[in-house]
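Encoded as structure tokens, the structure appears first; notes follow it.
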Amino acid sequence: MPFAASAQSQLNLTQGVTEISNRVYDLHMTILYICIVIGIVVFGAMFWSMIAHRKSRGHKPATFHENVKVEILWTVIPFLILIGMAIPATSTLIAMEDTSESDVTVLVTGSQWKWHYRYFEHDVEYFSLLATRPDQINNKLPKGTNYLLEVDRPLVIPTGKKVRFLITSDDVIHSWWVPDFAVKKDANPGFINEAWTKVDEPGIYRGQCAELCGKDHGYMPIVVIAKEPAEYEAWITAQETAQREAKEEEQRLLAMSMSEAELMELGERVYLGNCAACHQPNGQGIPGVFPSLVGTEMVTNDINGHIDIVLYGKQGTSMQAFGNMLTLREIAAVVTYERNAWGNNTGELIQAADVNARTKN
Numbered sequence: 109m110p111f112a113a114s115a116q117s118q119l120n121l122t123q124g125v126t127e128i129s130n131r132v133y134d135l136h137m138t139i140l141y142i143c144i145v146i147g148i149v150v151f152g153a154m155f156w157s158m159i160a161h162r163k164s165r166g167h168k169p170a171t172f173h174e175n176v177k178v179e180i181l182w183t184v185i186p187f188l189i190l191i192g193m194a195i196p197a198t199s200t201l202i203a204m205e206d207t208s209e210s211d212v213t214v215l216v217t218g219s220q221w222k223w224h225y226r227y228f229e230h231d232v233e234y235f236s237l238l239a240t241r242p243d244q245i246n247n248k249l250p251k252g253t254n255y256l257l258e259v260d261r262p263l264v265i266p267t268g269k270k271v272r273f274l275i276t277s278d279d280v281i282h283s284w285w286v287p288d289f290a291v292k293k294d295a296n297p298g299f300i301n302e303a304w305t306k307v308d309e310p311g312i313y314r315g316q317c318a319e320l321c322g323k324d325h326g327y328m329p330i331v332v333i334a335k336e337p338a339e340y341e342a343w344i345t346a347q348e349t350a351q352r353e354a355k356e357e358e359q360r361l362l363a364m365s366m367s368e369a370e371l372m373e374l375g376e377r378v379y380l381g382n383c384a385a386c387h388q389p390n391g392q393g394i395p396g397v398f399p400s401l402v403g404t405e406m407v408t409n410d411i412n413g414h415i416d417i418v419l420y421g422k423q424g425t426s427m428q429a430f431g432n433m434l435t436l437r438e439i440a441a442v443v444t445y446e447r448n449a450w451g452n453n454t455g456e457l458i459q460a461a462d463v464n465a466r467t468k469n
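Take 109 as the starting number for the sequence shown in the working numbering and just add one per residue.
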């Protein structure tokens, strides 16, 4: 299913594909029509009075000071209109916040600049990153249909089931926004916000981070795939099996050492894919914004500190934790690469076992 907003007028609210999103749309249109009627009545009366009672036609201004009946009337009528608008609005807001009796719960965690999803009922979790090619962003290739709205691993949910989202952040304030679901909740570090949806039709639904969260704010798309329950169960089972096997494989590889060439080749790929956006491909960083990795004390001397900052990030800075995103071998490789690239040449090789020794079990 295409992004709903692209198929509708860009000047109006997205109608969406869920019961709640349609209630929100209907409420929006109802309030809009009420405001249009009020505007026509008020401005119509005002312009009619100005034209029909203008001085050139011999009319003189009234000299009365006040009129109790009129003042009561123009107080009571707006009050009744507001009450009439508040009743459906309150009902819709209460329904939007009711996350009880959910069938599936997903923890959504925002970080600079990606989303992490964890399914509470299953041993499945993963990161979802922008999949648009850098060559498209740099205008070296034509932009695709879903430019900046495509990810490598979308969130998958079942149709016909109530899905609860627990939304939080690892660093700064983000906002998880899927217009088709009428879901837009801030992801605040240290707090959890709740939202929910129930999608009846299978399809692909797209959204974005809607809170300015840093230099790559525009590169945090959201893609949700709604599958039929049987297809969803097959997918979740396959994910559980794959992640379990990956963990077993990683444990098996802990005892195996990688050569310098293997570490540097893997480390360069990991660095360019995850670190170069801030620290630059040449490791020089951006002065005053992102630190250089060339010849610094940590990179040339402090091995444990270097591993720790990749594993756990650094609070109060843009340096995020990669411990849950990269494997032990990938962290070992990227640390090795940073300690031996761009003239650092420490000669030190970090293995997965060294990284595992620094993890907080």
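Note that CB positions come from ideal geometry on N, CA and C, so glycine has one too.
If you're wondering where the values come from, they're calculated on a predicted model, not measured in any experiment.
Residues that DSSP places opposite residue i in a beta bridge
i, result
"I394", "F398"
"P262", "Note: P262 sits in no beta bridge, so no partner."
"K292", "W285"
"E302", "L274"
"Q316", "W285 and P329"
"G311", "A334"
"V232", "Y227"
Cutoff 7 Å; reference residue i; Cβ partners in own chain excluding five residues on either side
i, result
"S400", "G391, Q392 and G393"
"Q459", "S365, M366 and A440"
"D294", "I281, S283, N301 and E319"
Euclidean distance between Cα positions of residue i and residue j
i, j, result
"P242", "F235", "19 Å"
"I146", "T138", "12 Å"
"P169", "M158", "11 Å"
"E179", "I189", "16 Å"
"E438", "T305", "36 Å"
"M109", "C317", "A caution first: M109 carries a pLDDT of 41, below 50, which makes its placement in the model unreliable, though a value can still be read off. If you take the alpha carbons of M109 and C317, they lie about 20 Å apart."
"E446", "V125", "47 Å"
"R272", "E205", "10 Å"
"T203", "K468", "Reading off the sequence, residue 203 comes out as Ala, not Thr. Those two C-alpha atoms are separated by around 41 Å."
"I245", "N453", "33 Å"
"A113", "T122", "Model confidence at A113 stands at a pLDDT of 42, short of 50, so the residue's coordinates are unreliable; what they give is reported in the following sentence. C-alpha separation (whole angstroms): 6 Å."
"I144", "G192", "15 Å"
"R314", "P287", "8 Å"
"G326", "L256", "8 Å"
"S283", "M427", "20 Å"
"R162", "N175", "22 Å"
"H167", "L140", "36 Å"
"G424", "L320", "17 Å"
"V214", "N296", "16 Å"
"T217", "M328", "12 Å"
"V402", "A369", "20 Å"
"F155", "I128", "40 Å"
"V407", "L457", "13 Å"
"E258", "Y225", "16 Å"
"T404", "G455", "15 Å"
"I142", "A342", "48 Å"
"W223", "R360", "29 Å"
Close-in-space but distant-in-sequence residues of the same chain around residue i (CB under 8 Å, 5 per side omitted)
i, result
"A115", "No answer about A115 holds up, because its pLDDT of 45 lies below 50 and its placement is not dependable."
"N464", "L362 and L436"
"R466", "N412, I415, D416 and L419"
"R352", "D231"
First through last residue of the alpha helix (DSSP H) which encompasses residue i
i, result
"L238", "Note, L238: premise wrong, no alpha helix (DSSP H); not H, not E."
"P337", "P337 to L361"
"V214", "Here V214 belongs to no alpha helix (DSSP H); instead the beta strand (DSSP E) covers V212 to S219."
"F187", "V176 to E205"
"Y255", "That residue, Y255, is in no alpha helix (DSSP H); it is neither H nor E in DSSP."
"G375", "E368 to N382"
"C143", "E127 to A160"
"V407", "E405 to T408"
"E446", "L436 to N448"
"P389", "Looking at the DSSP string, P389 is not in any alpha helix (DSSP H), and its letter there is neither H nor E."
"N412", "I411 to Y420"
"P242", "P242 to I245"
Option nearest residue i by Cα separation, candidates the options
i, options, result
"L436", "N130, M193, L362 and A369", "L362"
"D260", "E405, H387, G381 and G431", "G381"
"A194", "Q220, T183 and H136", "H136"
"T130", "T200, V176 and I185", "Going by the sequence as given, residue 130 is Asn instead of Thr. Ranking the options by Cα distance to N130, first place goes to T200."
"V443", "D410, G298 and Q118", "D410"
"F289", "S283, V307 and C143", "V307"
"P389", "W450, F151 and G322", "W450"
"F299", "Q118, D278, G326 and A197", "D278"
"D211", "K163, T183 and T267", "T267"
"Y227", "W221, L263 and H161", "L263"
"T349", "V291, S208, F151 and V232", "V232"
"V397", "M406, H387 and E405", "H387"
"D337", "D324, E309 and E356", "Residue 337 is actually Pro in this sequence, not Asp. Comparing Cα positions, the closest option is E309."
"Q220", "A385, N448 and G455", "A385"
"M433", "P395, Y379 and E373", "Y379"
Residue i - containing beta strand (DSSP E), residue span
i, result
"P297", "Premise fails: P297 is in no beta strand (DSSP E) and is neither H nor E."
"W223", "K222 to Y227"
"R165", "From DSSP, R165 is part of no beta strand (DSSP E); its letter is neither H nor E."
Cutoff 6 Å; reference residue i; Cβ partners in own chain excluding five residues on either side
i, result
"A461", "L362"
"P186", "none"
"T207", "R272, E302 and W304"
Cβ-heavy atom distance, residue i to the ligand COA, below 7 Å
i, result
"R466", "By its list of ligands, the structure shown contains no ligand whatsoever, and the ligand COA lies outside what it can speak to."
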